[in-house]
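Asker: A single structure is presented below for examination.
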Amino acid sequence: MNMFVARAGFLTSVQDLGRIGFREFGVSLSGALDLFALRAANLLVGNDEHAAGLEITFAGLRLHFQDERIVAWCGGEFDVRVGPVALPAGHACLVSAGDELKFGPPKIGCRSWLAISGGIDVPIVLSSRSTDLRASFGGFNGRALRDGDELLLDEFRRSSRLVGTTERISLRTAPHDWVSPARREPLLRFGRGVDWNRFSVSSVQHFTSELFAVSPDSDRMGVRLDGPELKRVDESDLISEAVAPGTIQVPPSGKPILLLGDCQTIGGYPKIAHVITVDLGIAAQLRAGDRVRFSEVSLADAHRLLLERERELERFRIGLSLQVL
C-alpha cells in the first residue's frame, strides 16, 4: 500500500543505515544522521534495523495512511500527533487507514527519524535505499520529499506484541539516549585528529574550553561552527586523505567544520579531532544558534562507549522479542 505525503515539511528524505562500501569510489555514506535512533525506531515497529524510514528536519511533515500500520519515531523533542492524539518519542503506535500523522516544531533539536512497519519501498541503489541529496540519487527519485508524493510501503505482518491489544500506543519504549539525543547544553566527546599537533597550544586550549556556535550554513554535509579562531603552527600543504562523519576539519578561516553523513570522502583541510560514534546523534540535533562544547576522551573510552551502546541495543532487541519491555 501507499502512504500519501500531504505536506513534506522543511526537509524530509528517505534514509536507511547508509551506503556502505563505496567510499573508495567517492560515494558518500548518506543514511540517517543518527543511526541509533533509526535502528531503535525500526525495532519498535518490528522491522529489520536496516529498513528505510524517514528523516524529518524541523517541522511540517503530514502523512496520510491508506492501510493499517505501526509507526514509531525517535529524535529531537517534537510535537508529533496521530490525529488529535500525542505520540511520544520511542513508543510504537497503531495507525489506521485514513489517519494523519503530523510533526509539529521541535522544542529542542532539529531532526527525528520515523519508522513505519514494513519499511519504505524505494529502489536499492549501491546497496542502500538512502537519499544522497547532494548527488541526487537513491531514496525517492534522488530528492527530498515534496507535497503530493506517494511512498510505497512493503508488506508486513501485524504482531500483537508491538502494540497492546486494547491500547493504541504501546507503553514499551526505547532507551532515552536513543529516543531523544537532543541536549540543551550539548557536549561532544572527541579523540584527537591526525593533525592535532599542527595547531597552536592556545588553539587546542580554546577548542576544549570555549563554546562554539552553530552557523546557519550547516546542513547534512556538516555543521559549521563559529567561535575562537583555531590557528595552525604548521602551514605546510597537506595531501588530501580520508574523512568520515565525525571528522572535524579546520579550513583557512580557522572556523571548524564537523562533518556529517553526506560529507565528502576525502579532505585536504587539517583534521583537529574526530567526534566519537555514540555522540554523532547529539551532533545531528545541532541547529543554528546552538552552542556546543568539546571534551577529549581516549580511544579506549570511545571503543568502550560504543560497545556499551551496542550491548544496550542487543538487550533492547532481545527484550522486544521476549515481550518483556
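Quick note on numbering: numbering that gives the first Met the number 0 labels position 158 of the sequence shown as 157, and the sequence is numbered without any gaps. Built from N, CA and C at the ideal position, the CB exists for glycine as well. The structure presented is a predicted model; accordingly, all values stated were derived computationally and were not measured.
1) In the DSSP assignment, the alpha helix (DSSP H) including residue 354 goes from what residue to what residue?
2) Which complete beta strand (DSSP E) runs does the region 74-124 hold, if anything under 3 residues is left out?
3) In terms of alpha-carbon separation, which member of 276, 282, 153, 201 lies closest to residue 256?
4) Are the beta-carbon atoms belonging to residue 253 and residue 285 less than 9 Å from one another?
5) Check whether the region 297-308 touches the region 113-123, counting contact only when three or more Cβ pairs, one atom from each stretch, lie closer than 8 Å.
6) Could you spell out where the alpha helix (DSSP H) holding residue 277 opens and where it closes?
7) Of the residues 96, 45, 288, 84, which one's Cα is nearest the Cα of residue 321?
8) Less than 6 Å between C-beta atoms, sequence neighbours within five positions excluded: which residues of the same chain meet that for residue 148?
9) Could you tell me how far apart the beta carbons of residue 89 and residue 73 are, in whole angstroms, since I believe they sit closer than 8 Å?
10) Just curious, the beta strand (DSSP E) that residue 12 is in, first and last residue?
11) Taking all protein chains shown into account, do 16 or more other C-beta atoms lie within 10 angstroms of the C-beta of residue 248, making it buried, or fewer, making it exposed?
12) Please report the residue range of the alpha helix (DSSP H) in which residue 38 lies.
13) Nearest to residue 130 by CA position, among 112, 306, 13, is which residue?
Answerer: With the structure as the only source:
1) Because the chain spans 0 through 324 in this model, residue 354 falls outside it and cannot be assessed.
2) 79-81, 92-94, 99-102, 107-115
3) 282
4) no
5) no
6) From DSSP, residue 277 is part of no alpha helix (DSSP H); its letter is neither H nor E.
7) 45
8) 4
9) 6 Å
10) 10-14
11) buried
12) 34-43
13) 13
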